[in-house]
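Position one of the sequence shown corresponds to residue 1 (UniProt numbering), numbered consecutively onward. Ideal Cβ placement from N, Cα and C applies to all residues, glycine included. What follows is a set of notes on a single structure, which appears directly below.
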Amino acid sequence: HVSAMYPSGKYSSRGPALIPRMKTKHRIYYITLFSVVLLGLIATGMFQFWPHSIESTADWALDKRSVHDAPLVRLPVSSPIPERGDLSCRMHTCFDVYRCGYNPKNRIKVYIYPLQRFVDELGVPISSTGLSREYNDLLSAVSDSDFYTDDVTRACLFIPSIDVLNQNSLRIRETAQALAMLPRWDKGMNHVLFNMLPGGPPDYNTALDVPRDRALLAGGGFSTWTYRQGYDVSIPVYSPLSADVELPERQPGPRRYFILSSQMAIHREYRAELERLKEENGEALLLLDKCSNLSQGAAPARKRCYKGQVYDYPQILQESSFCVVLRGARLGQAALSDVLQAGCVPVILADSYILPFSEVLDWKRASVVIPEEKLSEMYTILKSIPHRQVEEMQRQAHWFWEAYFSSMKAIGLTTLQIINDRIYPYAARTYEQWNNPPVVKWSSVNSPLFLPLIPPRAPGFTAVVLTYDRVESLFRVITEISKVPSLAKLLVVWNNQNKSPPEESLWPKIGVPLKVVRTKENKLSNRFFPYDEIETEAVLAIDDDIIMLTSDELQFGYEVWREFPDRLVGYPGRLHLWDHEMGKWKYESEWTNEVSMVLTGAAFYHKYFNYLYTYKMPGDIKNWVDAHMNCEDIAMNFLVANITGKAPIKVTPRKKFKCPECTAIDGLSLDQTHMVERSECINKFASVFGTMPLKVVEHRADPVLYKDDFPEKLKSFPNIGSL
Numbered sequence: 001h002v003s004a005m006y007p008s009g010k011y012s013s014r015g016p017a018l019i020p021r022m023k024t025k026h027r028i029y030y031i032t033l034f035s036v037v038l039l040g041l042i043a044t045g046m047f048q049f050w051p052h053s054i055e056s057t058a059d060w061a062l063d064k065r066s067v068h069d070a071p072l073v074r075l076p077v078s079s080p081i082p083e084r085g086d087l088s089c090r091m092h093t094c095f096d097v098y099r100c101g102y103n104p105k106n107r108i109k110v111y112i113y114p115l116q117r118f119v120d121e122l123g124v125p126i127s128s129t130g131l132s133r134e135y136n137d138l139l140s141a142v143s144d145s146d147f148y149t150d151d152v153t154r155a156c157l158f159i160p161s162i163d164v165l166n167q168n169s170l171r172i173r174e175t176a177q178a179l180a181m182l183p184r185w186d187k188g189m190n191h192v193l194f195n196m197l198p199g200g201p202p203d204y205n206t207a208l209d210v211p212r213d214r215a216l217l218a219g220g221g222f223s224t225w226t227y228r229q230g231y232d233v234s235i236p237v238y239s240p241l242s243a244d245v246e247l248p249e250r251q252p253g254p255r256r257y258f259i260l261s262s263q264m265a266i267h268r269e270y271r272a273e274l275e276r277l278k279e280e281n282g283e284a285l286l287l288l289d290k291c292s293n294l295s296q297g298a299a300p301a302r303k304r305c306y307k308g309q310v311y312d313y314p315q316i317l318q319e320s321s322f323c324v325v326l327r328g329a330r331l332g333q334a335a336l337s338d339v340l341q342a343g344c345v346p347v348i349l350a351d352s353y354i355l356p357f358s359e360v361l362d363w364k365r366a367s368v369v370i371p372e373e374k375l376s377e378m379y380t381i382l383k384s385i386p387h388r389q390v391e392e393m394q395r396q397a398h399w400f401w402e403a404y405f406s407s408m409k410a411i412g413l414t415t416l417q418i419i420n421d422r423i424y425p426y427a428a429r430t431y432e433q434w435n436n437p438p439v440v441k442w443s444s445v446n447s448p449l450f451l452p453l454i455p456p457r458a459p460g461f462t463a464v465v466l467t468y469d470r471v472e473s474l475f476r477v478i479t480e481i482s483k484v485p486s487l488a489k490l491l492v493v494w495n496n497q498n499k500s501p502p503e504e505s506l507w508p509k510i511g512v513p514l515k516v517v518r519t520k521e522n523k524l525s526n527r528f529f530p531y532d533e534i535e536t537e538a539v540l541a542i543d544d545d546i547i548m549l550t551s552d553e554l555q556f557g558y559e560v561w562r563e564f565p566d567r568l569v570g571y572p573g574r575l576h577l578w579d580h581e582m583g584k585w586k587y588e589s590e591w592t593n594e595v596s597m598v599l600t601g602a603a604f605y606h607k608y609f610n611y612l613y614t615y616k617m618p619g620d621i622k623n624w625v626d627a628h629m630n631c632e633d634i635a636m637n638f639l640v641a642n643i644t645g646k647a648p649i650k651v652t653p654r655k656k657f658k659c660p661e662c663t664a665i666d667g668l669s670l671d672q673t674h675m676v677e678r679s680e681c682i683n684k685f686a687s688v689f690g691t692m693p694l695k696v697v698e699h700r701a702d703p704v705l706y707k708d709d710f711p712e713k714l715k716s717f718p719n720i721g722s723l
């Protein structure tokens with residue numbers, strides 16, 4: 001071979017003859033080698049892409065495979081048992097957040113282990129019930145949610161398909177061994193267990209007794225002794241009646257009974273105390289117990305009795321303002337869920353109980369918590385709560401049930417959302433999102449009040465023009481605004497119910513979508529309604545007679561707003577002054593060195609403020625504005641200044657905005673009584689807000705080369721206009 005590679009002089013004459021001979025001699029050797037390499041490649045490829053049975057990544061869905069088809073796993077007696085459970089665990093010590101990683105949606109990924117049937121060496125199952133309907137519903141809901149992943153390597157949180165909801169049905173030691181056998185267990189890191197009925201006789205521990213290492217526990221019935229603040233999640237005890245019973249809609253307000261107690265297994269001392277309260281307060285209090293003489297076929301869980309009289313449960317709960325929820329052997333009671341569903345305010349007597357989802361829910365708004373020793377004073381305590389507050393609490397209680405208690409899906413997804421908020425705190429839901437019933441679609445709007453304050457991604461702005469019947473002037477405004485490069489859409493709010501807007505063919509032809517919204521009533525606040533048609537974050541509010549603004553002025557105003565999206569950025573500046581002689585505030589529109597308001601006759605602002613104006617304006621300001629047909633712009637200035645603590649920004653020097661030919665009769669704002677009324681508005685709003693939120697500034701924003709002696713055509717905004 002050496003000679004073939006390095007032919008010396010004496011072999012060179014035979015060189016050509018060597019090659020064919022070598023081919024023949026080694027052909028079989030090369031073919032065999034090639035075949036082995038090829039087979040090796042095929043085998044590797046098959047192994048790579050063949051489904052692995054070690055950790056199945058099959059979709060978690062019960063319809064595809066029932067519990068009976070699940071593989072059987074035998075637990076040797078000597079299987080390891082996890083540690084008891086570490087009470088010092090917190091998110092930063094027992095949870096590996098790095099598994100969750102950064103993702104643009106700020107959402108954790110949850111993996112559900114495939115179903116397995118665990119049995120001991122004798123073949124006896126670890127659970128007497130197997131997989132309950134409730135746990136099945138919970139796992140199905142998670143697998144249908146955005147949290148779910150079937151790729152175990154991408155998962156940040158793991159849910160075992162071992163059902164530990166009800167400790168009564170479990171064999172403690174064997175369940176713990178089954179958990180330790182899970183392929184990714186790793187001392188319970190990043191695993192969550194759902195348990196609603198913890199403990200058992202005689203001492204009824206308030207947390208699951210199954211040893212579980214560092215696993216996070218979503219438990220029903222935690223006490224302050226067993227709950228690991230900021231790590232475990234306190235969940236409700238699901239009531240099976242939630243799915244079976246549909247209660248009619250009941251408006252908040254006074255009910256037939258003031259207090260109702262409907263639990264059956266109450267400790268005799270508490271029952272004696274309740275009997276005493278009943279004697280003192282008579283009809284106001286209804287004290288129910290289980291029925292002893294029910295006919296055949298009647299479900300005892302659905303009936304309650306008082307002195308032989310039978311009541312339907314949970315329907316009877318709707319007949320009371322307050323419903324008692326006393327602790328039983330366990331702190332967490334399914335009765336709490338039934339009471340909330342009925343829109344009855346729960347009176348919770350369970351010392352040291354960690355209320356469900358209390359990490360995010362404000363229970364003061366939906367319940368009354370009374371120490372057990374104060375049970376005898378319950379009637380007096382509840383009587384001191386004002387009627388309006390009780391109605392609010394009834395409304396809130398029912399909404400809590402609907403949003404967070406009504407199904408295993410709601411309970412499961414709320415738990416995951418709470419864990420998600422801990423891992424991505426900067427994208428967490430706010431107090432308002434957790435606790436305020438959604439009257440509006442807030443999902444479509446982001447608040448500009450929190451960092452990062454960056455120019456919004458949505459390109460351009462939506463111009464909203466409020467008009468009544470000044471069609472000619474309106475068309476001129478539309479034509480002027482349409483020349484602004486950043487205009488994305490034009491929305492005309494037609495506030496005249498007696499006259500239809502002009503035909504489509506008469507409107508100016510412009511290069512962006514033009515929409516006309518017809519209102520039901522002629523109200524000034526219609527201009528600040530959060531219309532679905534507004535898709536950009538920037539809104540330009542403009543009157544139908546502001547025809548003097550040039551496209552350069554408007555474009556510059558928008559550029560300034562992009563850097564200050566939490567401010568009102570506008571053109572007509574005004575000031576409020578304190579009148580010492582009269583002892584009240586006064587509205588000033590003359591030339592001054594200061595500005596504290598910019599009028600929304602021409603101003604940019606974030607569409608978030610439309611939601612606040614429409615749904616969160618304090619007191620009766622909104623109605624007052626509509627009744628007086630004045631001051632909606634001042635109200636908006638108050639609102640923005642109150643929330644942000646910042647002054648508006650006046651842009652460009654212009655003082656005159658209306659058309660030169662508009663007469664005093666035509667323009668609303670020119671008459672003297674109007675000025676007096678606007679001073680009145682400022683005083684009225686200051687009294688409702690309880691403070692004067694407006695801030696005074698002495699500066700405005702102009703383009704960089706605005707005053708410079710420089711060729712006009714080289715300036716970005718040459719046509720800024722005169723005063």
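One or two residues paired with residue i in a DSSP bridge
i, result
"P565", "For P565, which the question treats as bridged, DSSP gives no partner whatsoever."
"F118", "V73"
"I259", "L285, F322"
"A541", "V464, A603"
"Q309", "Y306"
"K489", "T462"
"M597", "R574"
Alpha-carbon to alpha-carbon, residue j and residue i
i, j, result
"P485", "E391", "51 Å"
"Q417", "E134", "19 Å"
"R171", "S127", "6 Å"
"E661", "S716", "Here E661 scores only 45 on pLDDT, less than 50, and its place in the model should not be relied on; the value that follows carries that caveat. For E661 and S716, the distance between alpha carbons rounds to 30 Å."
"A463", "P114", "54 Å"
"Y270", "L287", "12 Å"
"L217", "T129", "21 Å"
"N436", "K684", "28 Å"
"T153", "H191", "14 Å"
"M675", "H580", "18 Å"
"P703", "P711", "14 Å"
"M408", "A141", "8 Å"
"F528", "N610", "5 Å"
"N630", "A541", "16 Å"
"P104", "P254", "48 Å"
"W494", "N522", "9 Å"
"E359", "D209", "23 Å"
"D59", "G188", "At D59, the pLDDT of 47 sits below 50, so the modelled position is not reliable and the matter cannot be decided from this model."
"P425", "M597", "35 Å"
Unbroken alpha helix (DSSP H) run spanning residue i, endpoints
i, result
"D421", "408-423"
"C94", "91-94"
"F609", "608-615"
"W624", "621-628"
"F400", "387-400"
C-beta contact flag for residue i and residue j at 8 Å
i, j, result
"P346", "S367", "yes"
"N642", "P693", "yes"
"P502", "T479", "no"
"L487", "I481", "yes"
"L375", "E273", "yes"
"G200", "N168", "yes"
"K650", "G601", "no"
"V512", "L568", "no"
"A334", "V237", "yes"
"residue 725", "L349", "Residue numbering for the chain in the displayed model covers 1 to 723; residue 725 lies beyond these limits and cannot be assessed."
"R330", "P530", "no"
"S242", "S406", "yes"
Cβ-based burial, residue i [other Cβ within 10 Å; buried from 16]
i, result
"R388", "exposed"
"D146", "exposed"
"Y615", "exposed"
"D532", "exposed"
"Q318", "buried"
Any non-hydrogen atom of the ligand NAP within 7 Å of residue i CB
i, result
"C100", "Among the components of this structure there are no ligands whatsoever, and the ligand NAP is therefore not found."
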